[in-house]
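Heads up: the structure comes next, in structure tokens.
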Amino acid sequence: MATFKDAPLDPRLTYWQARHQAFDETLARGEQRLAAKGRLRELRLPDGLDFSSNDYLGLADHPLIRQRLRDALDAGLALGAGGSRLLRGNTPLHEQAEQAVAAYKNAPAALMFNSGYDANVGVITTLTGAGDRIFADDLVHASMIDGMRQSKAVRHRFRHNDLDHLQQLLAEDRALKAQSGRRFILIESLYSMDGDVAPLSAIADLAAQYDADLIVDEAHATGVFGPDGQGLAAAAGVAHVPLVTLHTCGKAWSSFGAFVTCSEAVKQRLINRCRNFIFTTALPPWVAVHWLAVLEVLQHESDRAEKALTLAASFRARFAGRLDMGESQSQIVPVILGSDPRACFYAARLQAQGFDIRAVRPPTVPRGTARLRLAFNAKLDAADVARLGDAFEAIMQEESVSDG
Ligand SMILES: Cc1ncc(COP(=O)(O)O)c(C=O)c1O
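Structure, rendered in structure tokens:
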């Protein structure tokens, strides 16, 4: 019997091989240019003591959460949603999770998204449009930037956490007559590469003064700040102000996906018009089980957030005035080293000593602010942080010797 190997070679095969190869070579030249600038991104496996993941509460291997998932799967829970939410992918568990997260956030409604990236792009493109004006902090996440880019609204950026600049832009906008659309202010409550927090109350006041709607990304604050980890808006007593808040579940919750909290009317608008919600397969129902289990844990284990924050504060205290840690006030502590090679040098030294710490370079952060992003989590203890501190001291000493 003739086998596949004996089949005549498709003469078009060589055409396609050559065509793909030529394209691969073009792409590779682009990556070589990045490598020459020291900017090539590479996938690396986790290795060493975790000072870099967003598993701030250490929930990735929580026994109760594992048990809840195991029980649900053993009871026959479907492994996949089987479709988008508007088709067959909407299950009672999705609705239960949405009700639970809305109640957790004291919000009228919540809607699940497949990722925080989708949520930001989807919310911004659905709620803002032609005639509207967006005012976004300079350091908002790429997903907010992509949402703005896809929106037909006019975009303004204000200097990071600079209330005067925001007010100036809002005042200039208001001075323009005959504007019919809405104003939207876009911020994160806790900035992911800097670990500093937004002046939420003051921004809420400005939003009221200039009739603007606030959209707040709580990706890195959810689970860590506020009562039961409700976020910084709740901690600041302004949870009722934002039109929409976004919470990712892949960070402190150590799960996957995201949810937004909003009014029922906003939720209905998203269900009806948001392409990132409509045209995608729903999260598997076990993600909803995962979220429900996390909510259970958050009610009883608030000491986890406290621990991560205390460890970060102890590192900051040890190096205050000796390392540039920006305005960090959270579990995220940047060590801003300036040049890319300096950040890579520190990262390599720390990795060699068993710490999983990564250099973050432009374009992820502004030029000249290459850094290490330290993320403290509840699985670490004081001895780990002391050891990290000693390693920093040694590198700083090595640097001063070679400089001198
Ligand atoms: C501030 C912020 N918003 C949104 C996202 C996107 O969330 P997700 O990872 O769920 O897509 C991230 C993730 O890096 C983030 O840091």
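Note that our numbering numbers the sequence shown so that position 26 is 22, with each residue one more than the last. Cβ atoms here follow ideal geometry from the backbone N, Cα and C, with glycine treated the same way.
Cβ pair residue i, residue j closer than 7 Å
i      : j      : result
Ala217 : Leu228 : yes
Ala93  : Leu376 : no
Val97  : Ala105 : no
Arg338 : Ile391 : no
Cys245 : Gly253 : yes
Ser147 : Ile120 : yes
Leu381 : Arg369 : Reading off the sequence shown, one finds Val at residue 381, where the question assumed Leu. It is not a contact, given that the beta carbons lie outside the stated cut-off.
Ile130 : Thr124 : yes
Val329 : Leu319 : no
Gly26  : Asp336 : no
Ala304 : Asn373 : yes
Ser111 : Thr277 : no
Leu172 : His152 : no
Val237 : Ala200 : yes
Leu9   : Trp282 : no
Val361 : Met144 : no
Lys101 : Thr306 : no
Gly76  : Arg84  : no
Proximity test, residue i beta-carbon vs ligand 1 heavy atom, cut-off 6 Å
i      : result
Ser111 : yes
Asp213 : yes
His137 : yes
Ala217 : no
Ala254 : yes
Gly127 : no
Ser49  : no
Ser185 : no
Gly246 : yes
Ser326 : no
Ser251 : no
Ser398 : no
Ser259 : no
Ser298 : no
Ser176 : no
Ser197 : no
Residue from the options with nearest C-alpha to residue i
i      : options                        : result
Asp352 : Val361, Pro362, Leu65, Cys340  : Cys340
Asn50  : Leu165, Met189, Ala248         : Ala248
Glu184 : Gly78, Asp192, Arg178          : Asp192
Asp224 : Gln164, Gly253, Arg300         : Arg300
His243 : Phe311, Ala115, Gly72          : Ala115
Glu292 : Phe221, Arg64, Phe19           : Arg64
Gln295 : Val220, Glu91, Pro281, Asp142  : Val220
Ser251 : Tyr52, Asp6, Asp128            : Tyr52
Arg367 : Ser48, Pro280, Ala18, Leu73    : Ser48
Asp133 : Asp207, Asp213, Ala171         : Asp213
Arg179 : Asp128, Leu83, Gln95, Gln17    : Asp128
Leu82  : Val290, Leu279, Ser176, Ser259 : Leu279
Glu389 : Phe315, Ile211, Ala378, Leu333 : Phe315
Gly44  : Tyr206, Pro362, Val397, Gln349 : Gln349
Ala371 : Asp399, Tyr187, Phe255         : Tyr187
Ser326 : Ala308, Cys258, Ala56, Leu23   : Ala308
Glu302 : Leu5, Gln163, Gly222, Asp169   : Gly222
Within-7 Å CB hit, residue i to chain C
i      : result
Asp169 : No chain C appears in the structure shown, which is made up of a single protein chain.
*asked:* Three Cβ pairs or more, each shorter than 8 Å: is that satisfied between the stretch 132 to 142 and the stretch 255 to 273?
replied: no
*Curious, which full-length alpha helix (DSSP H) runs of at least 4 residues does the stretch 188 to 252 contain?*
196 to 205, 228 to 231
*asked:* List, from N- to C-terminal side, the beta strand (DSSP E) runs of 3 residues or more that fit wholly inside the stretch 302 to 377.
replied: 328 to 334, 366 to 371
*What are the uninterrupted segments assigned as alpha helix (DSSP H) that are 4 or more residues long and contained completely in the stretch 31 to 91, given in chain order?*
59 to 70
*At what residue ranges does the stretch 85 to 143 contain a whole run of the alpha helix (DSSP H), taking only runs of 4 or more?*
88 to 100, 112 to 123
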